[in-house]
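> When we follow this note's numbering, the leftmost residue of the sequence shown carries the number 4, and every step to the right adds one.
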Amino acid sequence: MQNNRKEVVDLYIPRKCSATNRLLHSKDHASVQINVGEVDENGIYTGKFQTIALSGMIRGKGLADDNMLRLAKAKGLLKDLEVKPEAAQ
Numbered sequence: 004m005q006n007n008r009k010e011v012v013d014l015y016i017p018r019k020c021s022a023t024n025r026l027l028h029s030k031d032h033a034s035v036q037i038n039v040g041e042v043d044e045n046g047i048y049t050g051k052f053q054t055i056a057l058s059g060m061i062r063g064k065g066l067a068d069d070n071m072l073r074l075a076k077a078k079g080l081l082k083d084l085e086v087k088p089e090a091a092q
């Protein structure tokens, strides 16, 4: 909810799981929120970050690492990790 000055005045703003788009309830103690820092071409942190939230259900099923990689690729935070056949020789 916003007041007359367009400031958010809610006491609790629920988060959403980045993988499933489900709400993360306050009692989901297995959920995590990870801030992935952005770096420049020299590998130096730029002060910016992207937030990824994962629910306890995703973590409990062992799907957190797959979803973390998928979301990082979709946000442009991770280069393609596949080894090309000509580069392997």
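Every residue, glycine too, gets a C-beta built ideally from N, C-alpha and C. Nothing here was measured: the structure is a model prediction, and the numbers come from that model.
(1) Can you tell me whether residue 74 is buried or exposed, with buried defined as 16 or more other CB within 10 angstroms of its CB?
(2) In this structure, does DSSP put residue 74 in helix, strand or coil?
(3) Does the pairing of the stretch 52-68 with the stretch 35-42 give three or more beta-carbon distances under 8 Å?
(4) Take the Cβ of residue 29 as the centre, count every other Cβ of all protein chains shown within 10 Å, and call the residue buried at 16 or more, exposed below.
(5) Starting from residue 50, trace the beta strand (DSSP E) both ways and give me its first and last residue.
(6) Could you pull out every residue in the same chain whose Cβ sits closer than 8 Å to the Cβ of residue 17, ignoring the five residues on either side in sequence?
On the basis of the supplied data:
(1) Indexing the sequence shown from 1 puts residue 74 at position 71. Buried, by the Cβ-count rule.
(2) If you number the sequence shown from 1, residue 74 lands on position 71. In this structure, DSSP gives residue 74 a helical state, which the three-state scheme calls helix.
(3) By the C-beta criterion, the stretch 52-68 is judged to be in contact with the stretch 35-42, since at least 3 inter-stretch pairs fall below 8 Å.
(4) On the sequence shown, position 26 is the one that residue 29 refers to. By the 10 Å Cβ count, residue 29 comes out exposed.
(5) Mapped onto the sequence shown, residue 50 falls at position 47. The continuous beta strand (DSSP E) containing residue 50 extends over residues 48-57.
(6) Counting from 1 along the sequence shown, the entry for residue 17 is found at position 14. Excluding residues within five positions, the ones whose Cβ falls inside 8 Å are 26, 27, 28, 29.
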